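Residue numbers (my numbering): -1 to 180.
Worksheet: one structure, shown below.
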Amino acid sequence: MNKLEFLFRWTHVFVGIVWIGHLYFFNFVNGPMQGKLDDAAKKAVNPQLMPRALWWFRWGAMATFLSGLILFALVYLYTPGLGWGANTLMKGVEGGQSDRVRWIEWGMVFGTIMWFNVWFIIWPAQVKLLGGTAGDAAPALRSRAALASRINTYLSAPMLVGMLGANHAGMSFSYGGLLLAG
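In structure tokens:
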């Protein structure tokens, strides 16, 4: 492994922990706690807590997504001496992919859905809700953001199986195995 791959691999792992840690915080800690707070407590706690936690959540998602794309390109799309995409083009779209690549690609699909949910559903809803500009749309925004967050929580397990399980013995790719991962 060269230094660039090493850098992006560990960046991807670290920021992934930040992102998924915040995802679990929002779903398993903050959500239940918010239901127990009265309005006065929410007004005292949320202006301090939520913007900061959402900042780390949002940018953790972006850093994980981008570092993962770069890492995938470095490991699977670049061949020293041949250049970018040469190895992939020689093997064809389906012909030369290993089980490891297929697991990682499925992990990427789930991770991309999760990233999309953060940046295009959860974050815009939270901006309106925390900024007080949601008005009558607040209940719908809350429901939509909560659903996207729950979907991300459910997708996190098969995504992690795809990303981490691909490197371990006995994890040959099958679509049935993909279903069992979730």
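All residues carry an ideal CB built from backbone N, CA and C; glycine is no exception.
Bear in mind that the values here come from a model prediction, so they are computed numbers and not experimental data.
query                                                                                                                    : result
C-beta atoms of residue 63 and residue 21 nearer than 8 Å                                                                : no
Exposure of residue 59, with buried meaning 16 or more beta-carbon neighbours within 10 Å                                : buried
Spatially closest choice to residue 108 from 126, 118, 157 and 163, by CA coordinates                                    : 157
DSSP-derived helix/strand/coil call for residue 130                                                                      : coil
Nonlocal neighbours in the same chain, by C-beta distance under 8 Å from residue 143, ignoring five residues either side : 119, 120, 123, 124 and 127
Alpha helix (DSSP H) runs wholly inside the stretch 7 to 86, at least 4 long, in chain order                             : 29 to 34 and 37 to 70
For residue 139, three-class secondary structure by DSSP                                                                 : helix
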